[in-house]
Amino acid sequence: MLVEFCNMISDLLNKLKWHPEYEFKKVIIFFVSRGMPDDQDFVTGKEIKNIGEKFLETEKGYIPYHRIIKIEYEGKVIYSKKC
937 MLVEFCNMIS DLLNKLKWHP EYEFKKVIIF FVSRGMPDDQ DFVTGKEIKN
987 IGEKFLETEK GYIPYHRIIK IEYEGKVIYS KKC
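Counting the sequence shown from 1 gives a position; the working numbering is that position plus 936.
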């Protein structure tokens, strides 16, 4: 089940990054970050260095997919863990 979840998020992010219809810099990824206000933080597509098998690599560190709670594109929610 976790593998399917990871594949779904990485597939979505790869589509946003490589498909010519999308601009990856318009992606905002919200994730659980203990110690931050509301235990949440975010990164933009511009900050992502690598879309790995089980995590994102950013300029500041790594974000495991299970911590991602929401993905927006152009201000619209395209993925939400609460759905």
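Glycine included, C-beta positions come from ideal geometry on N, C-alpha and C.
In this text, all values refer to a predicted model and were calculated from it rather than measured experimentally.
In DSSP terms, what residue i is bridged to
i	result
residue 1015	1007
Selected residue, minimal CA-CA separation from residue i, among the options
i	options	result
residue 1002	1018, 961 and 983	1018
residue 959	995, 991 and 1008	1008
residue 963	974, 978 and 973	978
residue 984	943, 1011, 945 and 961	961
residue 943	995, 981 and 991	991
residue 989	1012, 1000 and 955	1000
Where residue i falls: helix, strand or coil (DSSP)
i	result
residue 944	helix
Stretch-stretch touch, CB-based, cutoff 8 Å, three pairs: the stretch 968-978 with the stretch 942-958 = no
What are the complete beta strand (DSSP E) segments, minimum 3 residues, inside the stretch 949-1006?
-> Whole beta strand (DSSP E) segments, 3+ residues: 963-968, 976-980, 984-987, 991-994 and 998-1000.
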